[in-house]
Amino acid sequence: MTWLSITIAGILTYFTRMTMIALVRRDLLGEKIKAVLAYVPSAVFPAIIFPAIFINDYGAYIEMNDPKIFGALVAIIVGYFSKNVIATIFSGLLSYWIIIFVFLS
Amino acid sequence: MLSKKQLFMRGMIDVAPHMLSVIPFGIICGAIGVELGFNPYLVYAMSIIIFGGASQIVFLQLLSGGASSIVAVTSVGVINSRHLLYGAVISEYLEKLSFIKKLLISYFVVDQGFAESNKFFKKNKTEEYLHYHLIGTGGTLWICWQIATLAGIILGSFVPEELGLKFAIPLTFIAIVVQDLKKLDHVIVMLVCGISSLLFFEAPFKSYILISPVIALFVAALLLRLKK
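So, in structure tokens, the structure goes:
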């Protein structure tokens with residue numbers, strides 16, 4: 458079942474890549490739709506980010522002093538100024554680990 | 003006039019700096035897949051079949067969280083719909099290619115490759131074999147992505163669960179959107195999406211992953227209107 462889903466997801470993804478290049482005239486997408494598509498990352502990824510931070514494994518909201526909030530804030534600040542993907546991810550993980558292994562253990 | 007080989011090499015060189023982010027991202031993608039409890043072959047096969055980092059992580063995360071396959075597949079489609087935009091932008095430079103070549107080259111259209119090749123295309127419109135630059139960027143990214151996810155799958159089986167590597171998922175996506183925090187309209191769209199995802203988190207089949215982008219894109223369309 459999972460294999461089938463992956464295959465369908467793969468075909469779907471391939472179509473998003475191929476449609477505008479090989480199938481349809483490129484001016485089919487109006488300027489308005491193109492402008493909205495430019496917002497796709499901002500409109501999609503917070504739906505992964507927010508629940509992964511604010512909701513725990515049991516589906517409940519976390520406390521305001523949860524180490525994940527601190528880790529995410531560090532990652533945002535580091536990412537904003539460094540523009541570096543690795544620095545963003547590792548600063549967040551590191552600050553999260555420091556809190557759970559040094560302060561909470 | 004540059005030769006095919008020169009254009010291909012140029013593409014490889016242009017995309018090289020992106021390896022600093024693509025390789026760790028691939029490692030995380032592979033490691034998380036194993037961490038979430040999926041069959042390593044399945045995690046790796048996604049890198050060939052889907053070949054889209056963010057969507058691969060989302061797909062696995064949703065399925066492991068109990069989402070229905072339809073929701074997981076649809077969310078891959080939504081996340082990857084941005085390729086439509088890339089295709090629309092670069093199709094102008096690929097018009098002369100045969101249909102088959104267009105079908106083949108489409109597989110290599112990914113974020114970083116698109117960004118670099120599009121920059122190159124704009125400056126070198128008259129080159130005859132422009133598409134070799136895209137094969138250079140896309141091919142390089144493909145090979146590195148394969149190696150990185152494989153490395154991640156191997157590493158992931160050693161990482162202890164106490165480390166909470168799952169937390170790398172939101173951090174990875176923060177790294178993707180963080181530069182857009184400079185633009186107020188994007189910040190509004192992000193907040194609308196994020197807050198909706200919390201409000202609709204209990205919706206059946208994990209459909210919050212589709213509901214919130216729809217609301218956020220609607221707000222984006224409204225903002226575009228206001229801007230004019």
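Chains as they are written, first to last, in our numbering: chain A, 458 to 562; chain B, 3 to 230.
For every residue, glycine included, the Cβ atom is placed at its ideal position computed from N, Cα and C.
The structure presented is a predicted model; accordingly, all values stated were derived computationally and were not measured.
- Taking 8 Å as the upper bound for CB-CB distance, residue 537 of chain A and residue 186 of chain B are not in contact here, some 14 Å apart.
- Note on the region 514 to 545 of chain A: whole alpha helix (DSSP H) runs with a minimum of 4 residues are 524 to 539, in chain order.
- In the three-state reduction of the DSSP assignment, residue 52 of chain B falls in the coil class.
- According to the DSSP assignment, residue 84 of chain B belongs to the alpha helix (DSSP H) that extends over 84 to 96.
- By the Cβ neighbour-count rule, residue 128 of chain B is exposed, with fewer than 16 other Cβ atoms within 10 Å of its own.
- Counting the other CB atoms within 10 Å of its CB gives residue 172 of chain B a total of 16 or more, which places it among the buried residues.
- Residue pairing by DSSP places residue 512 of chain A opposite A/518 in a beta bridge.
- Secondary structure note for residue 120 of chain B: its alpha helix (DSSP H) is the uninterrupted segment 113 to 125.
- When 8 Å is used as the limit between beta carbons, residue 154 of chain B is near no residue of chain A, the shortest such separation being about 13 Å.
- The alpha-carbon of residue 102 of chain B is positioned some 37 Å away from that of residue 176 of chain B.
- Scanning chain A for C-beta atoms nearer than 9 Å to the C-beta of residue 44 of chain B yields 459, 460, 463, reported in chain order.
- Per DSSP, reduced to three states, the secondary structure at residue 495 of chain A is coil, with no helix or strand assignment.
- Here residue 40 of chain B carries a coil assignment [DSSP, helix/strand/coil].
- A residue is called buried when at least 16 other Cβ atoms come within 10 angstroms of its Cβ; residue 164 of chain B does not meet this threshold and is exposed.
- For residue 153 of chain B, the secondary structure class from DSSP, reduced to helix, strand or coil, is helix.
- Interface annotation, residue 478 of chain A: in contact with chain B, CB-CB separation under 8 Å.
- If you check each beta-carbon in the region 511 to 542 of chain A against every beta-carbon of chain B, the ones closer than 7 Å belong to 511, 512, 525, 528, 529, 532, 533, 536, 537, 540, 542.
- Less than 8 Å divides the Cβ of residue 519 of chain A from the Cβ of residue 525 of chain A.
- A/467 is the residue among A/460, A/461, A/458, A/467 whose C-alpha sits nearest the C-alpha of residue 81 of chain B.
- With a cut-off of 8 Å on Cβ pairs, the region 25 to 42 of chain B is in contact with the region 148 to 158 of chain B, counting three or more such pairs.
- The Cβ neighbour count for residue 159 of chain B, taken over all protein chains shown within 10 Å, is under 16; the residue is labelled exposed.
- Remark: C-beta atoms of residue 493 of chain A and residue 56 of chain B do not approach each other more closely than 8 Å.
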